[in-house]
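Worksheet: the structure to be examined is printed underneath.
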Amino acid sequence: MKIFVYVCMISSFLGLSDSFCPRGGFNNIQPHFGPGCMYRCHCVGDVQCDNTTGVCPGGCDAGWMGPGCQYGDIGYNKQVTQLLYGSNLLIDGRKATDGLPTTCVGPTAWMAVDLNATYRISGLVITSSEGVGLRDFVVTVRNYSVDSLSDIAQTCLTQNTTEKLNTEIHVVCTTEMVGRYLVIIIPDNTTGMTVCDVRVYGGRSLAYRRNASQSSTVMTSYGDGVASRALDGNVATGFNSGSCTHTLEETSTWWRVNLEMVYDIMRIVLYNRQDCCAERLSGFSVSFATNNIFSLVFKYPETTPMERTEITTLSGELAQEVEISLRNRTQPLTLCEVFVFGDCPSNVCGWTCDTSCYCDGTIDKESKVLAKCPGTCITGWWGRSCNNTCDSNCIGNTCNQNDGQCMECARGKWGHLCTNNCTNCLNSTVCGISNGICTVGCSSGLFGVKCSEPCGHCAGDGSCNRSTGACIHGCQPGWQHETCSIGLDIYLTCALVYIRICLQYHENKGFRFNTIETTLIL
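All you need for my numbering is the position in the sequence shown, starting with 1, plus 175.
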């Protein structure tokens with residue numbers, strides 16, 4: 176696995192914009208960006224983000240992070256414990272998770288963020304105070320508190336550098352980890368750290384303004400409860416707010432959202448109705464489907480649902496559709512908002528997860544949405560997104576990761592993709608991978624750099640010198656020169672033949688034409 180620590184840069188999400196996105200969503204007041212204006216801006220002050228990239232002029236709003244501010248921050252407003260550097264004093268470091276990069280705590284020897292639940296953790300963003308950049312630090316993930324002796328820390332990243340890193344550091348864990356506590360430790364030989372913000376990736380918002388449906392819909396004089404109201408971005412929990420769904424009172428009610436592509440679902444957040452009837456959601460079930468066949472993944476165990484309920488998956492669940500239902504009960508189903516967080520499955524990238532990307536090792540979120548591998552490809556793949564396969568003729572299934580050229584060809588093959596045959600080589604064996612030049616020798620009767628020139632009228636097996644074309648066993652009758660490519664003068668040939676006949680005649684004391692040898696004397 177490879178480790179990536181990089182400085183946040185404004186990215187260019189090519190091909191991901193409309194020329195201008197008007198405000199829309201709930202009450203048409205929410206800013207958007209991207210194709211079809213389908214993505215909700217999450218900027219400080221709820222201002223309009225860049226129509227193409229989603230980049231916010233003043234940064235992401237509290238609770239959001241990552242490319243286009245589309246990733247939820249599971250560290251937002253969570254409890255933070257810190258040990259002041261050079262002392263044994265534990266302090267509340269919640270300023271590091273308040274969503275405000277201008278509020279800082281420190282210097283500290285270590286910091287532990289209690290996420291208050293167990294999550295899948297793949298990366299985070301650490302912001303230190305201006306001019307006090309971090310050097311050496313270790314990020315670990317734990318299942319229990321930092322002072323628990325029974326817990327074994329999982330190392331997300333060990334960073335060693337002699338120079339201060341930038342104020343904002345993006346950390347990608349060497350592999351995805353599962354835990355509740357995120358711990359940042361500074362070695363004893365440093366001067367401690369001053370941290371202003373810690374944001375922890377908790378999946379990308381996937382369901383906003385997607386297609387939703389439900390088993391039935393209530394229509395009243397003061398509003399309706401259509402399925403799309405749970406995906407309008409408004410978390411108001413009163414039905415009269417015009418932002419909650421509502422089915423009829425019937426048996427086995429359900430609500431569904433189609434994400435349009437298959438995603439790796441990390442967590443789901445539900446907002447329940449609070450103006451009345453909160454108990455209706457008790458015992459609800461969550462099911463996932465990839466091919467219209469739903470499988471149960473969670474059943475709420477409590478009898479009194481809370482205003483906000485979060486369901487997490489710890490092993491990676493793939494789904495294109497998410498269903499929330501009240502099975503085997505006669506009860507209306509009401510939902511005031513549903514957030515689905517996740518990301519593209521392994522080896523799949525892009526904003527809509529429509530591009531293969533066989534990157535070697537874990538990759539940062541920006542590379543994930545842009546479908547651009549920051550490092551090398553897995554063996555057998557090439558291209559900027561590592562989505563092209565090496566040709567089957569490449570030895571070891573390996574090729575140049577920029578242009579797909581085979582590093583080594585199978586025996587008897589050559590060329591960019593090893594699709595050309597070494598046809599003129601001795602026994603059709605080996606030739607140069609890039610130029611087809613035979614490295615062992617030419618087939619009988621051929622010579623030249625590429626064994627493409629025919630030998631002259633050579634005697635014997637017809638072979639000639641690989642470089643000069645000179646016949647190895649002399650010329651056939653009627654030909655001369657070292658290459659046996661120049662014919663003898665016809666009169667000279669006849670004279671030589673006549674002399675030979677005469678000699679044969681005198682030796683045999685008779686003349687029998689059919690037995691006279693007419694081989695030329697050269």
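Even glycine gets a Cβ: it sits at the ideal position worked out from N, Cα and C.
| Item | Value |
| --- | --- |
| When Asp-636, Arg-448, Tyr-438 and Ile-204 are compared against Val-544, the one with the closest alpha-carbon | Tyr-438 |
| Cα-Cα separation between Val-280 and Gly-536, rounded to whole angstroms | 33 Å |
| Cβ-Cβ distance between Ile-486 and Phe-469 below 8 Å | no |
| Cβ-based burial, Arg-586 [other Cβ within 10 Å; buried from 16] | exposed |
| Cβ separation of Asn-332 and Thr-349, assumed to be a contact under 8 Å, to the nearest whole Å | The residue you asked about is not Asn; residue 332 is Leu in the sequence shown. With 8 Å as the limit, Leu-332 and Thr-349 qualify as a contact, their Cβ atoms being about 7 Å apart. |
| Cβ-based burial, Phe-195 [other Cβ within 10 Å; buried from 16] | exposed |
| Runs of beta strand (DSSP E) wholly within the region 382–470 (minimum 3 residues, chain order) | 386–389, 426–446 and 460–464 |
| Proximal residues to Asn-599 (C-beta, below 8 Å), its chain only, five neighbours per side dropped | Cys-613, Cys-617, Ser-618, Leu-621, Lys-625, Cys-626 and Ser-627 |
| Burial state of Ser-462, where buried means 16 or more other Cβ atoms lie within 10 Å | buried |
| Terminal residues of the alpha helix (DSSP H) in which Val-544 lies | 540–545 |
| Of the residues Asp-529, Ser-500, Glu-477 and Leu-357, the one placed nearest Ala-328, counting alpha carbons only | Leu-357 |
| DSSP three-state assignment for Asn-568, whether helix, strand or coil | coil |
| Through-space distance from Lys-253 to Tyr-370, alpha-carbon basis | Per the sequence shown, the amino acid found at residue 370 is Val instead of Tyr. Between Val-370 and Lys-253, the C-alpha separation is close to 15 Å. |
| Counted within 10 angstroms of its Cβ, other Cβ atoms place Gly-377 as buried (16 or more) or exposed | buried |
| Alpha-carbon to alpha-carbon, Arg-384 and Asn-447 | 19 Å |
| Alpha carbon of Asp-566 to alpha carbon of Val-605, nearest angstrom | 19 Å |
| Where Leu-592 falls: helix, strand or coil (DSSP) | coil |
| Cys-371 - containing beta strand (DSSP E), residue span | 368–380 |
| Burial state of Ser-642, where buried means 16 or more other Cβ atoms lie within 10 Å | exposed |
| Whole-angstrom distance between Ile-570 and Arg-483, CA atom to CA atom | 56 Å |
| Euclidean distance between Cα positions of Glu-435 and Ala-494 | 10 Å |
| Coil, strand or helix - Tyr-319 by DSSP | coil |
| Backbone CA spacing between Thr-236 and Pro-242 [nearest angstrom] | The sequence shown places Asp at residue 236, not Thr. One C-alpha to the other measures close to 13 Å. |
| Segments of 4+ residues assigned as alpha helix (DSSP H) that fall wholly inside the region 500–552 | 540–545 |
| Option in Val-219, Val-373, Asp-273 and Arg-379 with minimal Cα separation from Trp-526 | Arg-379 |
| Which of helix, strand or coil DSSP assigns to Gly-354 | strand |
| Three-state class that DSSP yields for Gly-644 in the structure shown | coil |
| Segment limits, beta strand (DSSP E) that includes Gly-247 | 246–248 |
| Alpha carbon of Asn-577 to alpha carbon of Trp-556, nearest angstrom | 10 Å |
| Three-state secondary structure assigned by DSSP to Lys-177 | Confidence at Lys-177 is low in this model, with a pLDDT of 37, below 50, so the placement of that residue should be treated as unreliable; the coordinate-derived value is given next. Here Lys-177 sits in coil by DSSP. |
| Under 8 Å between C-beta atoms of Gly-398 and Gly-417 | yes |
| Rounded straight-line distance, which links the Cα of Tyr-294 to that of Leu-265 | Residue confidence for Leu-265 is low, a pLDDT of 45 falling below 50, so the modelled location carries little weight; the figure read from the coordinates is stated next. The alpha-carbon atoms of Leu-265 and Tyr-294 are separated by roughly 25 Å. |
| Counterpart residues of Gly-298 in DSSP-defined beta bridges | Val-347 |
| Distance between Thr-488 and Val-515 (C-alpha atoms, nearest Å) | 11 Å |
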